[in-house]
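Notes for the one structure printed next.
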Amino acid sequence: MLASPTGGFLADPYVVPTLLVLAGVLAGVLNTLAGGGSFVILPLLIGLGLPPGVANATSRIGVLAHGSAAALTFARDRALHTGLVARMAPPMCAGALLGAWLATRTSDALLRPIIGGVLVAWALFLVFRPGGMTTPPPEPRPPGTATYALALLIGVYGGFLQAGVGFPLIALFVSHLGHDLLRANAAKVALVFVYTLLVVAVFAAAGQIDWPRAGQLAIGMTFGGWLGARMQIRAGAPLVRWTIVVMVAVSGASLLV
Numbered sequence: 001m002l003a004s005p006t007g008g009f010l011a012d013p014y015v016v017p018t019l020l021v022l023a024g025v026l027a028g029v030l031n032t033l034a035g036g037g038s039f040v041i042l043p044l045l046i047g048l049g050l051p052p053g054v055a056n057a058t059s060r061i062g063v064l065a066h067g068s069a070a071a072l073t074f075a076r077d078r079a080l081h082t083g084l085v086a087r088m089a090p091p092m093c094a095g096a097l098l099g100a101w102l103a104t105r106t107s108d109a110l111l112r113p114i115i116g117g118v119l120v121a122w123a124l125f126l127v128f129r130p131g132g133m134t135t136p137p138p139e140p141r142p143p144g145t146a147t148y149a150l151a152l153l154i155g156v157y158g159g160f161l162q163a164g165v166g167f168p169l170i171a172l173f174v175s176h177l178g179h180d181l182l183r184a185n186a187a188k189v190a191l192v193f194v195y196t197l198l199v200v201a202v203f204a205a206a207g208q209i210d211w212p213r214a215g216q217l218a219i220g221m222t223f224g225g226w227l228g229a230r231m232q233i234r235a236g237a238p239l240v241r242w243t244i245v246v247m248v249a250v251s252g253a254s255l256l257v
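Counting from 1, one number per residue, gives the positions in the sequence shown under my numbering.
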């Protein structure tokens, strides 16, 4: 459970919930437009006193709330590639269940350096290879065995940690299959929502979710998911592309520092 702040401005009972709601709004917008919202949420939850395993599990409620709001908004505006989501969902869900089960069996002493190492590795990749996500092949490709294998692996990672999972999904849909950036981004949001439904059940059964903090995050991330989807629909691909660039720079620099 969350350690209660004992001094400073965190002692005010309204400060921590307000921080989590505001961080949830920011993370929801970022997750919808690009990815990397967990780079904001995980360090905040751990810094507020949650053990790494509980922080990892608790953040999924916000991800679920964000995904429902964003995916519904995309679907209403006919921006969601439902066929792509349907094809990719089975391997991703299978992988996510395995990843979440592994996360519940990993001790906090081991999970903490894993989280730190993975985030730094993401920072290095995103800083030095940002174009690898959004450069499509000359011709679109139909999904094949390699595509489903990659989806399975991405699902394992998403179930285990979640942070930055949107980046390899965008790369899979755009640079591997050749889909346009807007529809790829909407499909990414929907797929994360689908497998998170299963992942939340695994973490809840393991008793690793701090429900009060999860609820505060969910409030912010619901609004952030809706807002991010509306921003994408109105502004189009340039906004998504520039958000990815900014997230690459900010996340990479902050994590490396």
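Just so you know, even glycine gets a beta-carbon here, dropped at the ideal spot from N, CA and C.
DSSP, read as helix, strand or coil, puts R78 in coil. Nearest to A96 by C-alpha distance, out of L177, F193, A214, is F193. When Cβ pairs closer than 8 Å are counted between the two stretches, the region 44-54 is seen not to touch the region 69-85, the count staying below three. With fewer than 16 neighbouring CB atoms inside 10 Å of its own CB, S107 falls in the exposed class. For R141, no alpha helix (DSSP H) encloses it, and the DSSP letter there is neither H nor E. The C-alpha of P143 lies about 34 Å from the C-alpha of V25. The DSSP-derived three-state label of Y14 is coil.
Between the alpha carbons of G164 and G36 lies a distance of about 5 Å. Note on R60: 16 or more other CB atoms within 10 angstroms of its CB, so buried under the neighbour-count rule. For the alpha helix (DSSP H) assignment, the uninterrupted runs of no fewer than 4 residues enclosed by the region 178-211 are, from N- to C-terminal side, 181-205.
Only exposed fits W211, as fewer than 16 other CB atoms lie within 10 angstroms of its CB.
For the set N31, L42, Y195, the Cα lying nearest the Cα of A229 is the one of N31.
For L217, same chain residues with a beta-carbon under 6 Å away, outside a window of 5 residues either side, are L20, G24, G62 in chain order. CA-CA distance, F160 to R87, rounds to 22 Å. C-alpha of D77 to C-alpha of A206: approximately 37 Å in a straight line. Within the same chain, Cβ atoms closer than 8 Å to the Cβ of L64 are found at F193, T196, L197, V200, A218, the five residues on either side in sequence being excluded. Looking at A69, A57, A100, L182, the one whose alpha-carbon comes closest to that of A235 is L182.
A direct Cα-to-Cα measurement between A184 and L98 gives close to 24 Å. In this structure, A75 is the residue among I46, N56, L22, A75 with its C-alpha nearest to the C-alpha of K188.
Looking only at I114, T222, S175, G224, the smallest Cα-Cα distance to Q162 is reached by I114.
Taking Y157 as reference, the option from C93, I209, A190, A146 with the minimal CA-CA separation is C93. Leaving aside the five residues that flank A151 on each side, the residues in its chain whose CB is nearer than 6 Å to its CB run, in chain order, M88, P91, M92.
Cβ contact annotation for S68 (same chain, cutoff 7 Å, sequence separation greater than five): F193, in chain order. 7 Å or more divides the Cβ of T58 from the Cβ of I170. Between the beta-carbon of G28 and that of H66 there is about 4 Å, and that keeps the pair under the 8 Å contact cut.
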